[in-house]
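In order, the protein sequences belong to chains A and B.
Heads up, the first sequence is in this note's numbering, so the first residue is 1 and it goes up one at a time.
Heads up, the second sequence is in this note's numbering, so the first residue is 1 and it goes up one at a time.
From the three backbone atoms N, C-alpha and C, an ideal C-beta is built for every residue, glycine too.
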Amino acid sequence: GAVVSQHPSWVICKSGTSVKIECRSLDFQATTMFWYRQFPKQSLMLMATSNEGSKATYEQGVEKDKFLINHASLTLSTLTVTSAHPEDSSFYICSARSPYYGYTFGSGTRLTVV
Amino acid sequence: QKEVEQDPGPLSVPEGAIVSLNCTYSNSAFQYFMWYRQYSRKGPELLMYTYSSGNKEDGRFTAQVDKSSKYISLFIRDSQPSDSATYLCAMSEGGGGNKLTFGTGTQLKVEL
Chain A
1 GAVVSQHPSW VICKSGTSVK IECRSLDFQA TTMFWYRQFP KQSLMLMATS NEGSKATYEQ
61 GVEKDKFLIN HASLTLSTLT VTSAHPEDSS FYICSARSPY YGYTFGSGTR LTVV
Chain B
1 QKEVEQDPGP LSVPEGAIVS LNCTYSNSAF QYFMWYRQYS RKGPELLMYT YSSGNKEDGR
61 FTAQVDKSSK YISLFIRDSQ PSDSATYLCA MSEGGGGNKL TFGTGTQLKV EL
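What follows is the structure in structure tokens.
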């Protein structure tokens, strides 16, 4: 079956620094990748949608300059949280979509900004 | 009003019980319906996938979709402690790259 690898699974960073989260589809090509944010005991909130080779489409209220998304290939997308602050601490999850496998989710990244 | 509402809230049942989870939605353009299971601090994993109205069964899990009522359900038979997780309904309009809209989730605990 389809597997999406997300790294790191857990990261602590200092306030003001940037953090990059990587999402790879291991055995399939993803036409579209999605990035979500999830707060404790809440559902997934879509942050942005990205297609390979084009700019990401951000949801209303999501700062595109703060959450940089790069979708360099059909198997790799990255989310960079720039100038992170404690309020950016959250669980970030990526999802890759393919016509055959549908939506496959990564295992998530727990970001803690101190 | 949220686009997708999910019931019930946190749920605790004894082992062997039948569990019923439900979602209602307002967007009549939704065509694809999914149920995901999410363990703590993990990404969601797909449990059931249904296109349009109808029933689908997979082992102890049954998914039902009633588009006329804009209502979907997931039934878990003979629930096990390993079923303890958060269950999320999700739906999309379809088409390439179309985003998923999630329900609020139901936290299920199956007790021995």
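Residue-level contact to chain B via CB, residue i, 8 Å cutoff
i         : result
His49(A)  : The displayed chain sequence assigns Thr, not His, to residue 49(A). Thr49(A) counts as touching chain B.
Tyr103(A) : yes
Phe34(A)  : yes
Leu44(A)  : yes
Ile21(A)  : no
Ser5(A)   : no
Gly106(A) : yes
Arg110(A) : yes
Ile93(A)  : yes
Contacts around residue i, its chain only, beta-carbon distance under 7 Å, and the 5 residues preceding and following it disregarded
i        : result
Lys64(A) : Tyr58
Tyr25(B) : Glu3, Val4, Lys70 and Met91
Asp88(A) : Val81, Leu111 and Val113
Thr50(B) : Phe33, Lys56, Ala63 and Val65
Residue-chain proximity (residue i, chain A), Cβ-Cβ < 8 Å
i         : result
Gly43(B)  : yes
Thr104(B) : yes
Tyr25(B)  : no
Lys56(B)  : no
Tyr49(B)  : yes
Leu21(B)  : no
Residue from the options with nearest C-alpha to residue i
i         : options                                   : result
Ile76(B)  : Ser53(B), Val65(B), Val13(B) and Ile18(B) : Ile18(B)
Cys23(A)  : Val4(A), Gly16(A) and Ser15(A)            : Val4(A)
Asn98(B)  : Leu11(B), Asn22(B), Glu15(B) and Gln31(B) : Gln31(B)
Ser54(A)  : Gly61(A), Leu68(A) and Lys20(A)           : Leu68(A)
Leu108(B) : Arg37(B), Ala29(B), Asp66(B) and Gln64(B) : Arg37(B)
Phe91(A)  : Val19(A), Pro8(A) and Gln38(A)            : Gln38(A)
Asp83(B)  : Thr101(B), Leu11(B) and Ser73(B)          : Leu11(B)
Leu74(B)  : Ser28(B), Pro44(B), Lys67(B) and Asn55(B) : Asn55(B)
Ser68(B)  : Arg60(B), Ser53(B), Pro44(B) and Ser79(B) : Ser53(B)
Ala84(A)  : Gln60(A), Lys66(A) and Pro40(A)           : Lys66(A)
beta-carbon residue i near the ligand GTP non-hydrogen atom, thresh 7 Å
i        : result
Ser54(A) : Looking for the ligand GTP in the displayed structure turns up nothing, as the structure carries no ligands at all.
Paired residues, beta bridge with residue i - DSSP
i         : result
Gln6(B)   : Cys23(B)
Gln80(B)  : Paired residue(s): none; Gln80(B) is not in a bridge.
Lys20(A)  : Thr80(A)
Gln107(B) : Thr86(B)
Cutoff 8 Å; reference residue i; Cβ partners in own chain excluding five residues on either side
i         : result
Leu74(A)  : Ser25, Gln29, Ala30, Thr31 and Glu52
Tyr103(A) : Phe34, Ser95, Ala96 and Arg97
Pro81(B)  : Glu15, Val110, Glu111 and Leu112
Chain-order list of residues whose beta-carbon lies under 6 Å from that of residue i (same chain, five-residue window excluded)
i         : result
Ala56(A)  : Ala48, Ser50 and Ile69
Thr101(B) : Glu3, Val4 and Met91
Any chain E beta carbon closer than 8 Å to residue i
i        : result
Ser92(B) : Looking at the structure shown, chain E is missing, and the protein chains on hand are A and B.
Decide yes or no for the touch test of the region 18-38 of chain A against the region 91-103 of chain A: beta carbon pairs closer than 8 Å, at least 3 of them. yes
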